[in-house]
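40 is the number of the first residue of the sequence shown in this note's numbering; add one for each residue after it. Just below is one structure, and these are the notes that go with it.
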Amino acid sequence: MLIKFSAFCLMTISLPTIYTHGRDKRNFVLRLCEDFFLLQTNRDRWPGWGETYMQKVPGRYDRILIIFISLFLTVVIWGSYIFRVEKMLHEEKRNLATEATTVLDASVQHTLMLLNQIGVFLRSVRQFYNHCHSIEETERFIESIQLDRSLTPNFFLADAAGKLLIPSDESTRGVNVTDRGYFRYHQQNAGDGLFISAVEIGRVTGKFHFRVALRIDKPDGSFDGVVLVTVSPELFTRYFKDLQLGSQFVASLLGIHDRKMRARVPEPANDMWATSLQNPEWEKIIFDASASFQTRSPVDHIYRNFVYKRVGDFPLGMLVGFSDADVINRVEEAKKWLQLIAIMLTIFIAVVTIAMLEKVKASQLLLQRNQLMLADLAAAAKIQSALLPRMDFLDRRVDMHLRFLPCNQVGGDMVNVIPFSENLIGVYCLDVSGHGIPAALTGVALSHMLRSDGKIVSQMHDGVVVPNSPGEIIARLEREFPFEDLGQYLTMVFLLMDRAKNQLQIAAAGHPAPLLVLPDGQVEEIKVGGLPVGFGDGEVREEIMVEIPAGAALILYSDGITEQPDPKGKRFGLSRLKKTLGAHAHEGITGMVDAAWNELASFRGKAFQDDDMSLLGVNFSVEKNTKIES
40 MLIKFSAFCL MTISLPTIYT HGRDKRNFVL RLCEDFFLLQ TNRDRWPGWG ETYMQKVPGR
100 YDRILIIFIS LFLTVVIWGS YIFRVEKMLH EEKRNLATEA TTVLDASVQH TLMLLNQIGV
160 FLRSVRQFYN HCHSIEETER FIESIQLDRS LTPNFFLADA AGKLLIPSDE STRGVNVTDR
220 GYFRYHQQNA GDGLFISAVE IGRVTGKFHF RVALRIDKPD GSFDGVVLVT VSPELFTRYF
280 KDLQLGSQFV ASLLGIHDRK MRARVPEPAN DMWATSLQNP EWEKIIFDAS ASFQTRSPVD
340 HIYRNFVYKR VGDFPLGMLV GFSDADVINR VEEAKKWLQL IAIMLTIFIA VVTIAMLEKV
400 KASQLLLQRN QLMLADLAAA AKIQSALLPR MDFLDRRVDM HLRFLPCNQV GGDMVNVIPF
460 SENLIGVYCL DVSGHGIPAA LTGVALSHML RSDGKIVSQM HDGVVVPNSP GEIIARLERE
520 FPFEDLGQYL TMVFLLMDRA KNQLQIAAAG HPAPLLVLPD GQVEEIKVGG LPVGFGDGEV
580 REEIMVEIPA GAALILYSDG ITEQPDPKGK RFGLSRLKKT LGAHAHEGIT GMVDAAWNEL
640 ASFRGKAFQD DDMSLLGVNF SVEKNTKIES
């Protein structure tokens, strides 16, 4: 919701701006944001730069101010609209929940009344039959009882052998029903409770009904048959229909044990009556006396808010539910008026913004702006190149070779080496989502946060810098940097090398697995997983400890290498990278990395580079200088 809202606000302000500056300036808003961030960065680095910049580009400050004021007002308007709508929805949902509970209680009471009436009727017939033992008199007694024959059309009485003595249709007299579920249940279970069968289609009427049966006992308590009545679901649903709360309202009478419906509003598809409905939420609460929950209906797959209650002592439960669509429908009219007001205010702001930008437009020269932007990009490329590791202070500790190529003048790949002590060295490789200036600026900020004396990377204990574990470093970076606000994320691998123990401690966050190149040319993946930074909640990533064989080299790379296509669209791939590295393992770090880089360049040909590429080789056990090429 927040992302959609922000995008809408930006679109609202951008449209009049783009319109004002013509078709050749469709990227005006994006360039404006880039200029703003460059202005802040360079102002901090070189005092007085900002003033010079503003002098070269007259009117820019006014334009920025106008746009941001317009954006702020638009955010206030639509924020107020969203807040009010959300408040109305919350209040209406609470009201509907209260009404649903009331409907549930009324439905349960009505259902209990009907079932008790049916029970009284069956017990009366059973008592009369036990008293007179006359089929003819019992039939006359049944006819004398006033029942709605449209909803309880059939009555039956079967003896202990399952033979129908009293059928509703003479054609069924004498039919044996020992195979029926209600007969077997009462035959095997003593007691005075009612058996309520599942819904089935009538053989004679062709309509759906379920049976309610009662056991007949002999004087000694042994089984002597059953009395039963067929009941139409409409006996219950005609009452439910009068209590509907909305277009997606549902009221369902459900068997607790078999999970089959006895009645439902709205009526389900014919094949659903015999289906045993399965739902995880129902499994939790169905045996409780009452409950409330949210789940997707297995009947029509609509997500609803449900309230549930047991129907007395019967093996039945009543469910009443309403959907969010019912809530929305209740506030739709008020929402339309609020939306209309917000749109009118937004249009007014847009018109005013256009008028004010037209006054500023004349003071800006497009040529000057483009030239300045190119100069800024070139400066940003130099700044980023300067941030790549210059490891003169690591002579006699590591042998490194780095190849780096952004897809634009600047990119979001960052690589660095952090010396904590003579034998303890940290190395990281990260890949910021996106390309160009936004990704590069993010990379610059992250490299600053990942300095050796920062709280993310290390802590002070007794005056000694102690590095955090790689997994903790990634977690702290995720917690400290506003990835969600910027709409960015990154992949990363961080390793901590203990040269004294010849061990690597590694953690990763969605980054390609590091490669270990053995002296004999064998290449192994160091598989360590974890969500990209910005997708998690700041949790500590999984860490693994790896023993480094003598003479082995470690390769870190970004996915821009393996995913680089050739002119025909075929990817370079991990297997090709591993094969090249293994074939040149005897040439050392520089030879190995250069061979892979040259192979990549040959494979790419004239194909477009659509991602930043970085390739870093490290050997911690030799005494050579670091080499970096970009």
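In this text, a Cβ means the ideal position worked out from N, Cα and C, and glycines have one as well. From a predicted model like this one, the values you see are computed outputs, not experimental measurements.
Pick from the options that is closest to residue i, judged by C-alpha positions
| i | options | result |
| --- | --- | --- |
| S460 | S163, A539, K132 | A539 |
| T481 | N134, K617, L529 | L529 |
| N169 | T150, T269, D339, I255 | I255 |
| L110 | T385, Y342, Q542 | T385 |
| P521 | G575, D537, V216 | G575 |
| L154 | L233, A313, K618, K617 | L233 |
| W321 | P305, L355, D310 | L355 |
| V504 | L613, P458, G549, H487 | P458 |
| A548 | V585, M536, P509 | P509 |
| N193 | K246, N228, H225, E176 | K246 |
| V579 | G569, M499, G644, V585 | G569 |
| V268 | G451, P506, Q156 | Q156 |
| D671 | L639, D492, F353, R335 | As shown, the chain starts at 40 and ends at 669. That puts residue 671 outside it, with no answer to give. |
| Q287 | H248, I103, V359 | V359 |
| G526 | A478, F533, D492, R343 | A478 |
| Q561 | I393, M631, V572, I106 | M631 |
| A484 | D501, Q498, E519 | E519 |
Residues of its chain near residue i, where Cβ-Cβ distance is below 6 Å and the 5 sequence neighbours each way are ignored
| i | result |
| --- | --- |
| K348 | L143, V147, S329, M357 |
| L161 | L253, V266 |
| K374 | V124 |
| P337 | L316, N318 |
| G590 | P558 |
| R515 | I495 |
| L613 | T601 |
| H487 | none |
| F659 | V437, M536, R538 |
| I235 | V251 |
| S653 | F443, D452, V454, S597 |
Residues that residue i bridges to, as DSSP identifies them
| i | result |
| --- | --- |
| I583 | I545 |
| T530 | D470 |
| V556 | V562, A592 |
| A197 | L203, V265 |
| F234 | A252 |
| K348 | S329, M357 |
| M652 | L444 |
| A302 | L292 |
| Y342 | R335 |
| P506 | S497 |
| D452 | D470 |
| G465 | I457, L535 |
Rounded C-alpha distance that separates residue i from residue j
| i | j | result |
| --- | --- | --- |
| L444 | D651 | 6 Å |
| A302 | G260 | 34 Å |
| R179 | V238 | 28 Å |
| V740 | P319 | Past the boundaries of the shown model lies residue 740; the chain is included only from 40 to 669, so the question cannot be answered. |
| L274 | A200 | 31 Å |
| A197 | W312 | 26 Å |
| H340 | L282 | 22 Å |
| L620 | P606 | 23 Å |
| P551 | I513 | 15 Å |
| L379 | V391 | 19 Å |
| G285 | Q227 | 44 Å |
| L151 | L293 | 14 Å |
| G475 | M453 | 13 Å |
| V585 | M439 | 19 Å |
| G473 | F107 | 24 Å |
| N309 | Y342 | 21 Å |
| T113 | H248 | 59 Å |
| F387 | K645 | 50 Å |
| A229 | K126 | 56 Å |
| I307 | V289 | The question names Ile, yet the displayed sequence has Pro at residue 307. The alpha-carbon atoms of P307 and V289 are separated by roughly 10 Å. |
| I393 | Y100 | 16 Å |
Close Cβ partners of residue i (< 7 Å) along its chain, the five nearest in sequence each way excluded
| i | result |
| --- | --- |
| K116 | In the sequence as presented, Lys is not what sits at residue 116; that position holds Ile. Counting only Cβ-Cβ distances below 7 Å, and skipping sequence neighbours, we find A381, L384, T385. |
| D649 | C446 |
| I174 | L204, I205 |
Residues near residue i by beta carbon distance below 8 Å, same chain, minus five either side
| i | result |
| --- | --- |
| F642 | Q603, D605, F611, R615 |
| F222 | A197, G201, V216, A252, V265 |
| E582 | S508, P509, G510, Q544, I545, A546, V567 |
| V346 | A136, A139, T140, L143, S329, A330, S331, L358, V359, G360 |
### Query
Looking at C-beta atoms only, is the number of pairs between the region 160-169 and the region 297-315 that lie closer than 8 Å three or more?
As far as the Cβ criterion goes, the region 160-169 does not touch the region 297-315, which means the pair count is below three.
### Query
Counting pairs of Cβ atoms below 8 Å between the region 117-134 and the region 351-369, do you hit three or more?
Result yes; three or more Cβ-Cβ pairs closer than 8 Å.
### Task
Tell me, please, whether the region 589-600 touches the region 459-477 by the rule of three or more beta-carbon pairs shorter than 8 Å.
The region 589-600 vs the region 459-477: in contact.
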